[in-house]
Amino acid sequence: MLHKSGNFLEDIISKNYSNLTKSEKKLAEFILNNPEDCAFMSTTKLGQMVNVSEPTVIRFAVGLGLSGFPALQEILQNYLKEKIKPSEKLRKFKQTKKKVDIYGEIFRATVENLQVTQEQIHPETLDEIVNKIITAKRIYILGFRRSFSVAYLLNYNLSSLLRNTVLIDANYGLLFDKTIDMNKNDICIGISFPRYATQTYQIIQHAKGKGCTTIVITDSIISPIAQVADYVLTAKYEIPSFFHSNICALTLIDCIVAGVSRKEQKSFKLLANFEKSLQKWNTWVVT
36 MLHKSGNFLE DIISKNYSNL TKSEKKLAEF ILNNPEDCAF MSTTKLGQMV
86 NVSEPTVIRF AVGLGLSGFP ALQEILQNYL KEKIKPSEKL RKFKQTKKKV
136 DIYGEIFRAT VENLQVTQEQ IHPETLDEIV NKIITAKRIY ILGFRRSFSV
186 AYLLNYNLSS LLRNTVLIDA NYGLLFDKTI DMNKNDICIG ISFPRYATQT
236 YQIIQHAKGK GCTTIVITDS IISPIAQVAD YVLTAKYEIP SFFHSNICAL
286 TLIDCIVAGV SRKEQKSFKL LANFEKSLQK WNTWVVT
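Be aware that the sequence shown starts at 36, since it is given in my numbering, and climbs by one per residue.
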């Protein structure tokens, strides 16, 4: 059930519940039990999930005294923002019983996350993504805040094999300048997890409009950036702590890079030349 900002929605549903139709009551129960999923669903998708019509979804929101479905979603999104604030997660984390083996719990959660992530990913989808990367003219890669480390590592590993990657970052105030030349021959790979960075969503949307193939690594097929992407890879990220884990996302990029290195014919030659150049600069203590 909802808490905090969500209590407002519970209250207005409770006050109007007796006036709701059977379909609307079914819709109300689904929303209250699945607020995270409903926060970013369209009226069409929500109707399909509950097996009611799209007009029913709209009438339900208006019947609660709201201006429409967007107002209902705003309540749900505000609840979601509050729920996943690092400060809120830290508060709950510090309330964890001290007798609990928190280190063991994190290891167990990580193993479980990896298993679930593997079950959700189809090798055929990864193969398609690898083929898109190999044949792309340019590969734009982005992720902000906690996701930046994943984007950076993907760019770092691919750049040693392909030479046509572009890491989109916010350095020097030139964030959007790097997206100007995007076109249908390029691909754009975005990484974003709750709380979803607005800039990641905006750039993925921009890339889609430019005709780029868009690929995202995120937590759910109904996350904001997943809604506008051609390919979606989902990775579990929650562990019993106040921060999110990037391990499953990093494992997915390991799979992508491994697939590219195996399929790209020029990868060995490019990597060998790259290593020779680095050796000239005494990059490593032991070579």
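The beta-carbon is built from N, C-alpha and C at its ideal position, and this holds for glycine as well.
* Quick one: what's got a C-beta closer than 8 Å to His279's C-beta in the same chain, skipping five residues either side? -> By one-based count along the sequence shown, residue 279 stands at place 244. Result list for His279: Arg181, Phe228, Pro229, Tyr272, Glu273, in chain order.
* **Coarse secondary structure for Cys247, derived from DSSP in three states** => Sequence index remark: in the sequence shown, residue 247 carries index 212 (1-based). Cys247 falls in the coil class under three-state DSSP.
* Please list, in chain order, all residues of the same chain as Tyr187 whose beta carbon is under 7 Å from its beta carbon, the five residues on each side excluded. => One-based indexing of the sequence shown puts residue 187 at position 152. Result list for Tyr187: Leu202, in chain order.
* Asked: Looking at C-alpha atoms only, which residue of Ala171, Asp72, Pro70, Thr253 is the closest neighbour of Gly246?
  -> Numbered from its first residue, the sequence shown carries residue 246 at position 211. Gly246 has its Cα closest to that of Ala171, out of Ala171, Asp72, Pro70, Thr253.
* **Close Cβ partners of Met36 (< 8 Å) along its chain, the five nearest in sequence each way excluded** => Here residue 36 corresponds to residue number 1 of the sequence shown, with the count starting at 1. Confidence at Met36 is low in this model, with a pLDDT of 41, below 50, so the placement of that residue is unreliable and no value is reported for it.
* Asked: Any idea if Phe179 is buried or exposed, counting beta-carbon neighbours within 10 angstroms, 16 or more meaning buried?
  -> As a position in the sequence shown, residue 179 is number 144, starting the count at 1. With 16 or more Cβ atoms within 10 Å of its Cβ, Phe179 is classed as buried.
* To do: Report all residues from its chain with a CB closer than 6 Å to the CB of Ile288; omit the five preceding and five following residues, and keep chain order.
  => Counted from its first residue, the sequence shown places residue 288 at position 253. Closer than 6 Å at Cβ, skipping near neighbours: Leu189.
* To do: State buried or exposed for Pro105, treating a residue as buried only when at least 16 other CB atoms are found within 10 Å of its CB.
  => To locate residue 105, count along the sequence shown from 1; it is residue 70. Exposed is the call here.
* How would you label Val92, buried or exposed, when you count the other beta carbons within 10 angstroms and need 16 or more for buried? -> In the sequence shown, counting from the first residue as 1, residue 92 sits at position 57. Answer is buried; the Cβ neighbour count reaches 16.
* What first and last residue would you give for the alpha helix (DSSP H) that runs through Leu287? -> Locating residue 287 in the sequence shown gives position 252, counting from the first residue. Here the alpha helix (DSSP H) through Leu287 covers 282-298.
* Within the same chain, show all residues whose beta-carbon is closer than 6 Å to that of Thr249, passing over the 5 residues directly before and after it, in chain order. => Taking the sequence shown and counting its residues from 1, one reaches residue 249 at position 214. For Thr249, where only same-chain residues beyond five positions count, the Cβ hits under 6 Å are Cys223, Ile239, Ala242, Lys243, Ala264, Asp265.
* Three-state secondary structure (DSSP) of Tyr272 -> By one-based count along the sequence shown, residue 272 stands at place 237. Tyr272: coil per DSSP, three-state reduction.
* Asked: Do the CB positions of Val283 and Ala293 come within less than 7 Å of each other?
  -> Reading the sequence shown from its first residue, position 248 is the one you call residue 283. Reading the sequence shown from its first residue, position 258 is the one you call residue 293. First, the residue type needs correcting, since residue 283 is Cys and not Val in the sequence shown. Contact: no.
* Asked: Sorted by chain position, which residues of the same chain lie with C-beta nearer than 7 Å to Ile164's C-beta, five sequence neighbours on each side aside?
  -> In the sequence shown, residue 164 corresponds to position 129, counting from 1. Cβ neighbours of Ile164 beyond the five flanking positions: Ile250, Tyr266, Ile291.
* Asked: Does DSSP classify Val320 as helix, strand or coil?
  -> Indexing the sequence shown from 1 puts residue 320 at position 285. In this structure, Val320 counts as coil in the three-state DSSP scheme.
* Would you mind reading off the limits of the beta strand (DSSP E) that contains Val201? => To locate residue 201, count along the sequence shown from 1; it is residue 166. Note, Val201: beta strand (DSSP E), 200-203.
* To do: Could you please give me the residues that DSSP links to Ile224 through a beta bridge?
  => Here residue 224 is taken as the residue at index 189 of the sequence shown, counted from 1. Note: Ile224 sits in a beta bridge opposite Ile176, Ile250.
* State the start and end residues of the unbroken alpha helix (DSSP H) segment that holds Asn148. => In the sequence shown, the residue the question calls residue 148 occupies position 113. Boundaries of the alpha helix (DSSP H) harbouring Asn148: 137-155, taken from the DSSP string.
* To do: Work out the CA separation of Tyr52 and Lys60 for me, nearest whole Å.
  => On the sequence shown, position 25 is the one that residue 60 refers to. On the sequence shown, position 17 is the one that residue 52 refers to. Cα to Cα, Lys60 sits roughly 7 Å from Tyr52.
* Asked: With C-beta atoms as the reference, is Ile174 less than 7 Å away from Thr200?
  -> Stepping through the sequence shown from its first residue, residue 174 is reached at position 139. Stepping through the sequence shown from its first residue, residue 200 is reached at position 165. Yes.
* Please confirm whether Gly82 and Glu89 have their CB atoms less than 7 Å apart. => One-based indexing of the sequence shown puts residue 82 at position 47. One-based indexing of the sequence shown puts residue 89 at position 54. Closer than 7 Å, so yes.
* Count the other C-beta atoms from every protein chain shown that fall within 10 angstroms of the C-beta of Asn86, then say buried if there are 16 or more, exposed otherwise. => Against the sequence shown, residue 86 aligns to sequence position 51. Under this definition Asn86 is an exposed residue.
* Between Val185 and Tyr191, what straight-line distance do the alpha-carbon atoms span, to the nearest angstrom? -> Within the sequence shown, the letter at position 150 stands for residue 185. Within the sequence shown, the letter at position 156 stands for residue 191. Cα-Cα distance, rounded: 10 Å.
* Compare the Cα-Cα distances from Thr253 to each of Lys80, Thr56, Thr152, Lys311 and report the closest residue. => Here residue 253 is taken as the residue at index 218 of the sequence shown, counted from 1. Of the listed residues, the one whose Cα sits closest to Thr253 is Thr152.
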